[in-house]
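Q: One structure follows; several queries about it will come next.
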Amino acid sequence: MSDIAADLDVRAPAQPARVGVSEPASWQDYLALLKPRVMSLVVFTALTGLVCAEGPVNPILGGIAILCIAVGAGASGALNMAFDSDIDGLMRRTARRPVPMGRISRGDAFFFGGALSLFSVMLMGLAVNYLAAGLLAFTIAFYALVYTVWLKRSTPQNIVIGGLAGALPPVVGWAAATGAAPLDAWLLCAIIFLWTPPHFWALSLYIQTDYAKAGVPMLPVVKGAAVTRKQILLYSLLLVPVGVLPLATGLGHLVYGAVSITGGLVFLGLAVRLFLSKAGDAAALGPDGLYAAKPDAKPARDLFAFSLLYLTGLYAALLVEHGLLVRL
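Its first residue numbered 4, the sequence shown is counted upward by one per residue in the numbering used here.
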């Protein structure tokens with residue numbers, strides 16, 4: 004549904020990307036189209052929304068709902084790879100994907116993603132409820148059309164606006180459980196929405212040459228590293244208080260409080276460190292992969308890495324409290 008966590012394989016491709024070249028596709032190639040790393044985080048946040056709703060959920064229907072969300076996330080990934088195959092082939096982070104490598108055609112990727120989209124939304128509507136199905140359909144369409152086709156190539160605010168797609172899964176999960184989307188569900192959405200810009204902009208600071216080569220107007224490419232570091236700090240200052248808000252609404256309890264406050268302070272510390280650094284002022288990615296950043300870029304690398312831990316910690320704490328402590 005959204006590149007909520009970046010694809011971690013950024014090694015240099017073994018050979019140049021070859022869009023349109025016909026090569027045999029394996030099941031692993033079709034699995035790669037689904038962006039399984041992204042899918043796993045989408046499922047995790049959606050499951051948290053479903054569990055936090057605390058309604059009496061039939062386990063079979065709950066399982067179907069999570070399956071539909073997972074398939075919908077995979078469909079979004081396939082459509083994204085079909086639309087973006089031209090620029091994917093130009094970037095080291097994405098050049099190994101099956102479409103730019105020529106193992107799956109753009110047409111097949113479109114068909115695969117479209118078929119999975121229809122299946123996931125129709126099954127959600129028929130088996131669970133229409134609100135969850137409508138939210139799922141909106142999420143897929145927003146990511147595939149609004150973000151991928153329009154925002155990604157046209158504005159440095161692509162990640163900010165497009166981040167809504169990655170923020171909606173917990174709302175879909177909550178709606179699947181209760182047929183409603185109350186304030187707490189949207190609070191879970193707001194946390195991911197505010198988390199997305201510092202997470203992706205930290206990454207973009209040290210792989211910005213890839214984006215520049217592909218013509219993607221990421222913030223450091225268009226506005227420069229200093230502006231990007233400032234925006235990361237501003238969004239971090241917004242994110243951390245919102246991350247604590249579930250304590251005020253009763254959604255979060257002691258475990259969540261400890262994780263959100265401690266993790267938020269570390270997040271802010273890393274954001275301040277990044278703001279005061281020169282990360283992104285020069286080419287920053289080392290030759291050995293995503294975490295092999297050059298010394299000047301390590302503040303960006305560290306915030307990017309911790310942001311994944313921070314979001315996972317918040318949602319895991321809610322799962323523990325609502326799935327184990329509260330219900331037991």
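For glycine and all other residues, C-beta sits at the position ideal for the given N, C-alpha and C.
Please read all numbers here as calculations on a predicted model, not as lab measurements.
What's the C-alpha gap between Phe203 and Phe307?
A: Within the sequence shown, residue 203 is the residue found at index 200, counting from 1. Within the sequence shown, residue 307 is the residue found at index 304, counting from 1. Between the C-alpha atoms of Phe203 and Phe307 there is a straight-line separation of about 7 Å.
Q: Applying the criterion that 16 or more other CB atoms from any shown protein chain within 10 Å of the CB defines a buried residue, is Pro352 buried or exposed?
A: There is no way to answer for residue 352, as the model of the chain reaches only from 4 to 331.
Q: Take the Cβ of Gln31 as the centre, count every other Cβ of all protein chains shown within 10 Å, and call the residue buried at 16 or more, exposed below.
A: Counted from its first residue, the sequence shown places residue 31 at position 28. Taking all protein chains in view, the Cβ of Gln31 is surrounded by fewer than 16 other Cβ atoms within 10 Å, so the residue is classified as exposed.
Q: Quick check on the burial criterion: 16 or more other C-beta atoms within 10 angstroms. Buried or exposed for Thr48?
A: Taking the first residue of the sequence shown as 1, we reach residue 48 at position 45. The residue is buried, with at least 16 neighbouring Cβ atoms inside 10 Å.
Q: Assuming Gly166 contacts Thr142 (C-beta within less than 8 Å), just tell me the rounded distance between them.
A: Start at 1 with the first residue of the sequence shown, and residue 166 comes out as number 163. Start at 1 with the first residue of the sequence shown, and residue 142 comes out as number 139. Incorrect: roughly 12 Å between the Cβ atoms, too far for contact.
Q: For Asp284, which three-state DSSP category applies?
A: By one-based count along the sequence shown, residue 284 stands at place 281. Residue state, collapsed to three classes: coil.
Q: Comparing C-alpha positions only, which one of His256, Arg109 and Ile72 sits nearest to Leu121?
A: Here residue 121 refers to the residue found at position 118 when the sequence shown is read from its first residue. Comparing Cα-Cα distances from Leu121 to each of His256, Arg109 and Ile72, the minimum goes to Ile72.
Q: Count the CB pairs spanning the segment 270-283 and the segment 212-219 that are closer than 8 Å, and state whether there are at least three.
A: no
Q: Hey, quick one: how far does the alpha helix (DSSP H) through Leu306 stretch, first residue to last?
A: The residue labelled residue 306 in the question sits at position 303 within the sequence shown. Lys301 to Val323 is the extent of the alpha helix (DSSP H) around Leu306.
Q: With a threshold of 6 Å on Cβ separation, who are the neighbours of Ser255 within its own chain once the five nearest residues in sequence on each side are excluded?
A: Here residue 255 corresponds to residue number 252 of the sequence shown, with the count starting at 1. The sequence as given places Gly at residue 255; Ser does not occur at that position. Correct list, in chain order: Pro249.
Q: Taking Cβ positions, are Phe270 and Arg232 nearer each other than 8 Å?
A: In the sequence shown, the residue the question calls residue 270 occupies position 267. In the sequence shown, the residue the question calls residue 232 occupies position 229. Not closer than 8 Å, so no.
Q: Would you call the CB atoms of Leu64 and Pro159 closer than 8 Å?
A: For the purposes of this step, residue 64 is taken as residue 61 along the sequence shown, with counting starting at 1. For the purposes of this step, residue 159 is taken as residue 156 along the sequence shown, with counting starting at 1. No. Outside cutoff.
Q: Would you check if there are 3 or more beta carbon pairs closer than 8 Å linking the segment 146-154 to the segment 79-87?
A: In the pairwise beta carbon analysis, the segment 146-154 is classified as touching the segment 79-87: at least three pairs are separated by under 8 Å.
Q: Please list the terminal residues of the continuous alpha helix (DSSP H) segment that includes Leu53.
A: On the sequence shown, residue 53 is found 50 positions in, with the first residue counted as 1. Counting along the chain, the alpha helix (DSSP H) containing Leu53 begins and ends at Pro39 to Cys55.
Q: Among Thr51, Ala85 and Ser207, which residue has its Cα nearest to the Cα of Leu317?
A: Residue numbering aside, residue 317 sits at position 314 when the sequence shown is read from its first letter. Considering only alpha carbons, the answer is Thr51.
Q: So, with DSSP's three-state summary, where would you put Ser29?
A: What you label residue 29 is simply residue 26 of the sequence shown in a count that begins at 1. If DSSP states are grouped into helix, strand and coil, Ser29 belongs with coil.
Q: Beta-carbon within less than 7 Å of Pro173's beta-carbon, same chain only, minus the 5 sequence neighbours each way: which residues are those?
A: In the sequence shown, counting from the first residue as 1, residue 173 sits at position 170. Contacts found: Thr48, Ala49, Thr51, Gly52, Ala188, Leu191 and Cys192.
Q: Lys233 by DSSP, collapsed to three states: which one?
A: For the purposes of this step, residue 233 is taken as residue 230 along the sequence shown, with counting starting at 1. Helix at Lys233.
Q: CA-CA distance, Ala184 and Ala140?
A: Numbered from its first residue, the sequence shown carries residue 184 at position 181. Numbered from its first residue, the sequence shown carries residue 140 at position 137. Distance between the alpha carbons of Ala184 and Ala140: 15 Å.
Q: Could you check where the alpha helix (DSSP H) with Gly128 kicks off and where it finishes?
A: Stepping through the sequence shown from its first residue, residue 128 is reached at position 125. Note, Gly128: alpha helix (DSSP H), Arg109 to Ala130.
Q: On the CB-based measure, 16 or more other CB atoms within 10 Å of its CB, does Leu314 come out buried or exposed?
A: Counted from its first residue, the sequence shown places residue 314 at position 311. Leu314 is buried by the Cβ-count criterion.
Q: Just to confirm, are Phe115 and Tyr33 a CB contact at a threshold of 8 Å?
A: In the sequence shown, residue 115 corresponds to position 112, counting from 1. In the sequence shown, residue 33 corresponds to position 30, counting from 1. Yes, the Cβ-Cβ distance between Phe115 and Tyr33 is below 8 Å.
Q: What does a CB cutoff of less than 7 Å around Gly227 pick up in its chain, not counting 5 residues either side in sequence?
A: As a working note, residue 227 is residue 224 in the sequence shown. Nothing meets the Cβ criterion.
Q: Sort Asp111, Ile107, Ala170 and Ala98 by Cα distance to Met42 and report the nearest one.
A: What you label residue 42 is simply residue 39 of the sequence shown in a count that begins at 1. Of the candidates Asp111, Ile107, Ala170 and Ala98, the one whose C-alpha sits nearest the C-alpha of Met42 is Ala170.
Q: Check each candidate in Met84, Ile67, Met94 and Ala251 and name the one with the smallest Cα separation from Ala112.
A: On the sequence shown, residue 112 is found 109 positions in, with the first residue counted as 1. With distances taken between Cα atoms, Ala112 lies closest to Met84.
Q: Would Leu321 be called buried (16 or more neighbouring beta carbons within 10 Å of its own) or exposed?
A: The residue labelled residue 321 in the question sits at position 318 within the sequence shown. It counts as buried.
Q: What are the uninterrupted segments assigned as alpha helix (DSSP H) that are 4 or more residues long and contained completely in the segment 72-111, given in chain order?
A: 88-91
Q: Could you give the first and the last residue of the continuous alpha helix (DSSP H) run that contains Pro223?
A: As a working note, residue 223 is residue 220 in the sequence shown. Where Pro223 is concerned, the enclosing alpha helix (DSSP H) stretches over Leu222 to Val225.
Q: So, helix, strand or coil for Gly266, using DSSP?
A: Position 263 of the sequence shown, counting from 1, holds the residue named residue 266. In the three-state scheme derived from DSSP, where H, G and I count as helix and E and B as strand, Gly266 is classed as helix.
Q: Please report how far the alpha carbon of Val247 lies from the alpha carbon of Ile162, in whole angstroms.
A: Counting from one through the sequence shown, the residue named residue 247 turns up at place 244. Counting from one through the sequence shown, the residue named residue 162 turns up at place 159. Approximately 23 Å between the Cα atoms of the pair.
Q: Between the C-alpha atoms of Leu288 and Ala180, what's the straight-line distance to the nearest angstrom?
A: Residue mapping note: residue 288 aligns to position 285 of the sequence shown, counting from 1. Residue mapping note: residue 180 aligns to position 177 of the sequence shown, counting from 1. For Leu288, the predicted structure reports a pLDDT of 49, less than 50, and the residue's modelled location is therefore unreliable. The matter cannot be settled from this model.
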